[in-house]
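In what follows, a single structure is set out as structure tokens and then discussed.
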Amino acid sequence: MSELLKVSSNPHIRSKATTNGIMTAVIIALLPATGFGIYNFGIRALLVVLTTVASTVLTEALFGLYKKKTTVTDMSAVVTGLLLALNLPVSIPLWMAALGGVFAILVVKMLFGGLGQNFMNPALAARCFLLISFPSQMTNFDCDAYTGATPLAALKAGESVNITDMIVGHTAGTIGETSMIALLIGACILILLGVIDLRIPGSYIVTFLLFAGIFGGHGFDPAYLAAQLAGGGLMLGAFFMATDYVTRPITIKGQYLYGIFLGVMTGIFRIFGPGAEGVSYAIILGNLLVPLIEKLTRPTAFGKGGKRHEK
Amino acid sequence: MSKVTERLYNGLVKENPTFVLMLGMCPTLAVTTSAINGLGMGLTTAAVLALSNMIISVFRKIIPNRVRIPAFIVIIASFVTVIQLLLEAYIPALNDALGVYIPLIVVNCIILGRAESYAYFNPPIPSLFDGVGMGLGFTVALTCIGAVRELLGAGTIFGFGVMPDSYTPIGIFVLAPGAFFVLACLTALQNYIKLKGEKAGKDRSRFQSGCNEDCMNCSDSGCARRFYDTGAEKKEGEN
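Taken in order, these protein sequences are the chains called A and B.
So for the first sequence, our numbering puts the first residue at 4; every next one is plus one.
So for the second sequence, our numbering puts the first residue at -4; every next one is plus one.
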């Protein structure tokens, strides 16, 4: 009897995946983009990365000491710090980068209950906090390597852009967003390791391309669409931040819906908004809608709902 | 404690309208972009609150229960109109800075709340001081929020530069999200101090309700401590 029936309490399906393992995989996947950012923008980029990572890890550790519950070993603070650094321009004053890290961990994550309870992606919330607080420093992409506008701003102003440079990453922008190739390598690592799947990034990017094609004013011009795809934080956002486990919907239908919403919002921000970029605001708005999306797409339990058979 | 000081203490600390009762959030969040705006809004509201409380209390026996809300609104609106005309005449700068939020004092929850819960049942003098206490509590809260937001968001307090020149203002604090951050932090701080005081046995609300630490024979059913009395549990266990 005991061989046939195994009585145990739930959860019945267990996975070997650990928070630590997933976070380490994300860090490894972010390394190509980080490396390219340091190569592209110089040693100061490394300094910005180290500052944000140190500030997020330190904040998490200190909060852990205060709460007498150590959570810093799950590596999530490192991921937040790294993602935040990749979203900052290289010329940002270091104290602002550190302040962003503190805000991400303390206000967005820990005050809401720590990892798993935050309703917003901490790195993106910190980026938006910095963007609203210090608009001039956050949109100053002048550095030793490049001066002038980002490719997306140039595209919006009607100037021509070099697509090859944009795909390789030899352009102005935030530290981690410029190189499409490096980001795609990281994305492939995450997909092969099974950390993320293509539901959200796929529906996000396809929706955005359709939107840009219809409303962008250039029709389905391949050069224009390629520039929209490679420019700005779309790749970084779609593969690394929209797929954040905590702030994405858990239902499969909901994930498609979420991706479509992000695509439409990014399109609206980029094409009709005053700025050239809109990925971070789109994802934050999407994060806020996640509870509603989950409620809408909640699957019916077995035996519930459906039509009753009439006699 | 005399009735007057008790009312003032109640409004300023024990039932501070902003940090404890969480009333009047609309002006609290909207106009506290600087300390001077917070102070102006607070004092304007305090004046309306004290006067309307007193008049409502004077007329409390002739206002029929059924139409009391329209009657309150008429009294409050009259005072708001008077105050607005005075501001326009004598402090036009403050009037411009506060804008539409001055006429909106009419619908401020604190004023209607005090009229409903206190002035309608109590004599004029305590009602006046209830209004003064609540108004000053509101003023202190708004000035604190405004000062913190101005300090972080612009580097000044009441327009005086207090931060070194190298300080870069954190712009978000004078925008709407900053109001929520600062209000939440100050409320948390206030709760922290209060809890600390309670732990040290200095909880004033206990003495005011005439607590003799004997919850079994106490008639105060509103006391939160009643259900946490460790002595009572022990007695039950012995039985």
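All C-beta atoms in this analysis are idealised placements derived from N, C-alpha and C, irrespective of residue type, glycine included.
Suppose contacts are defined by Cβ-Cβ distances below 8 angstroms. Is residue i in contact with residue j by that definition?
{"i": "Leu87(A)", "j": "Gly104(A)", "result": "yes"}
{"i": "Gly172(A)", "j": "Phe39(A)", "result": "yes"}
{"i": "Pro125(A)", "j": "Val111(A)", "result": "yes"}
{"i": "Leu18(B)", "j": "Gly132(B)", "result": "no"}
{"i": "Ala285(A)", "j": "Met268(A)", "result": "yes"}
{"i": "Ile56(A)", "j": "Leu89(A)", "result": "Residue identity differs from the one stated: residue 56(A) is Val in this sequence, not Ile. No. Outside cutoff."}
{"i": "Ala230(A)", "j": "Val164(A)", "result": "yes"}
{"i": "Leu102(A)", "j": "Leu186(A)", "result": "no"}
{"i": "Val127(B)", "j": "Ala45(B)", "result": "yes"}
{"i": "Gly141(B)", "j": "Phe168(B)", "result": "no"}
{"i": "Phe132(A)", "j": "Phe122(A)", "result": "no"}
{"i": "Asn290(A)", "j": "Thr254(A)", "result": "no"}
{"i": "Gly235(A)", "j": "Val282(A)", "result": "yes"}
{"i": "Leu33(A)", "j": "Gly189(A)", "result": "yes"}
{"i": "Val52(A)", "j": "Ala64(A)", "result": "no"}
{"i": "Ile16(A)", "j": "Met78(A)", "result": "no"}
{"i": "Thr13(B)", "j": "Leu137(B)", "result": "yes"}
{"i": "Ser139(A)", "j": "Ile165(B)", "result": "no"}
{"i": "Ile97(B)", "j": "Leu82(B)", "result": "yes"}
{"i": "Phe223(A)", "j": "Gly266(A)", "result": "no"}
{"i": "Arg301(A)", "j": "Gly262(A)", "result": "no"}
{"i": "Thr134(B)", "j": "Leu38(B)", "result": "yes"}
{"i": "Ala41(B)", "j": "Gly130(B)", "result": "yes"}
{"i": "Gly270(A)", "j": "Phe218(A)", "result": "yes"}
Assuming residue i is part of the alpha helix (DSSP H), what are its boundary residues?
{"i": "Met141(A)", "result": "138 to 141"}
{"i": "Met26(A)", "result": "22 to 44"}
{"i": "Arg202(A)", "result": "202 to 218"}
{"i": "Phe74(B)", "result": "63 to 85"}
{"i": "Glu297(A)", "result": "282 to 299"}
{"i": "Ala110(B)", "result": "Where Ala110(B) is concerned, there is no enclosing alpha helix (DSSP H), given that its DSSP letter is neither H nor E."}
{"i": "Cys21(B)", "result": "20 to 26"}
{"i": "Leu38(B)", "result": "30 to 53"}
{"i": "Leu187(A)", "result": "183 to 195"}
{"i": "Cys180(B)", "result": "171 to 194"}
{"i": "Asp168(A)", "result": "166 to 171"}
{"i": "Glu1(B)", "result": "-2 to 4"}
{"i": "Leu97(A)", "result": "97 to 105"}
Would you mind working out which of the options sits nearest residue i, comparing C-alpha positions?
{"i": "Val50(B)", "options": "Pro164(B), Glu111(B), Gly173(B), Ala171(B)", "result": "The displayed chain sequence assigns Ile, not Val, to residue 50(B). For Ile50(B), the nearest C-alpha among the options comes from Glu111(B)."}
{"i": "Phe153(B)", "options": "Arg55(B), Gly33(B), Leu24(B), Phe14(B)", "result": "Gly33(B)"}
{"i": "Phe74(B)", "options": "Val43(B), Ile58(B), Ala195(B)", "result": "Val43(B)"}
{"i": "Ile166(A)", "options": "Ala233(A), Asn124(A), Ile203(A), Leu295(A)", "result": "Ala233(A)"}
{"i": "Asn48(B)", "options": "Pro121(B), Glu145(B), Cys180(B), Lys189(B)", "result": "Pro121(B)"}
{"i": "Ile57(B)", "options": "Asn5(B), Ala142(B), Tyr115(B)", "result": "Tyr115(B)"}
{"i": "Ala152(A)", "options": "Phe44(A), Gly176(A), Ile170(A), Ala129(A)", "result": "Gly176(A)"}
{"i": "Thr28(B)", "options": "Ala41(B), Thr0(B), Leu93(B)", "result": "Leu93(B)"}
{"i": "Ala129(A)", "options": "Ile188(A), Tyr42(A), Thr83(A), Thr62(A)", "result": "Thr83(A)"}
{"i": "Thr21(A)", "options": "Tyr248(A), Ser283(A), Leu260(A)", "result": "Tyr248(A)"}
{"i": "Lys298(A)", "options": "Ala48(A), Gly257(A), Leu127(A), Ile263(A)", "result": "Gly257(A)"}
{"i": "Asn43(A)", "options": "Thr181(A), Gly24(A), Lys71(A), Pro14(A)", "result": "Thr181(A)"}
{"i": "Ala107(A)", "options": "Trp98(A), Val93(A), Thr59(A)", "result": "Thr59(A)"}
{"i": "Cys139(B)", "options": "Thr23(B), Ala41(B), Ile100(B)", "result": "Thr23(B)"}
{"i": "Leu237(A)", "options": "Met169(A), Trp98(A), Thr142(A), Ile296(A)", "result": "Met169(A)"}
{"i": "Cys21(B)", "options": "Val101(B), Glu193(B), Lys191(B), Asp125(B)", "result": "Val101(B)"}
{"i": "Gly173(B)", "options": "Pro98(B), Lys191(B), Val143(B), Ala88(B)", "result": "Val143(B)"}
{"i": "Leu292(A)", "options": "Leu61(A), Tyr69(A), Phe264(A), Ile184(A)", "result": "Phe264(A)"}
{"i": "Gly205(A)", "options": "Cys146(A), Lys71(A), Leu260(A), Ala28(A)", "result": "Leu260(A)"}
{"i": "Tyr227(A)", "options": "Leu7(A), Pro154(A), Leu134(A), Asn143(A)", "result": "Pro154(A)"}
{"i": "Met141(A)", "options": "Pro277(A), Ile178(A), Phe305(A), Asp200(A)", "result": "Ile178(A)"}
{"i": "Ala171(B)", "options": "Asn11(B), Asn103(B), Glu145(B)", "result": "Glu145(B)"}
Per DSSP, what are the beta-bridge partners of residue i in this structure?
{"i": "Arg151(B)", "result": "Rather than Arg, the amino acid found at residue 151(B) in this sequence is Thr. Note: Thr151(B) sits in a beta bridge opposite Gly156(B)."}
{"i": "Thr177(A)", "result": "Pro92(A)"}
Can you check whether the C-beta of residue i is within less than 8 angstroms of a C-beta belonging to chain D?
{"i": "Ile135(A)", "result": "Absence of chain D from the displayed structure is noted, the protein chains being A and B."}
State yes or no: is the C-beta of residue i nearer than 7 angstroms to some heavy atom of the ligand NAD?
{"i": "Gly179(A)", "result": "This structure simply doesn't include the ligand NAD, nor any ligand for that matter."}
Assess contact between the stretch 226 to 246 of chain A and the stretch 185 to 193 of chain A, defined as three or more Cβ pairs (one per stretch) separated by less than 8 angstroms. Is contact present?
Yes: the two stretches touch, three or more of their Cβ pairs being nearer than 8 angstroms.
Specify whether the stretch 107 to 121 of chain B and the stretch 48 to 67 of chain B touch according to this definition: at least 3 beta carbon pairs, one from each stretch, less than 8 angstroms apart.
The stretch 107 to 121 of chain B and the stretch 48 to 67 of chain B touch, with no fewer than 3 CB-CB distances between them shorter than 8 angstroms.
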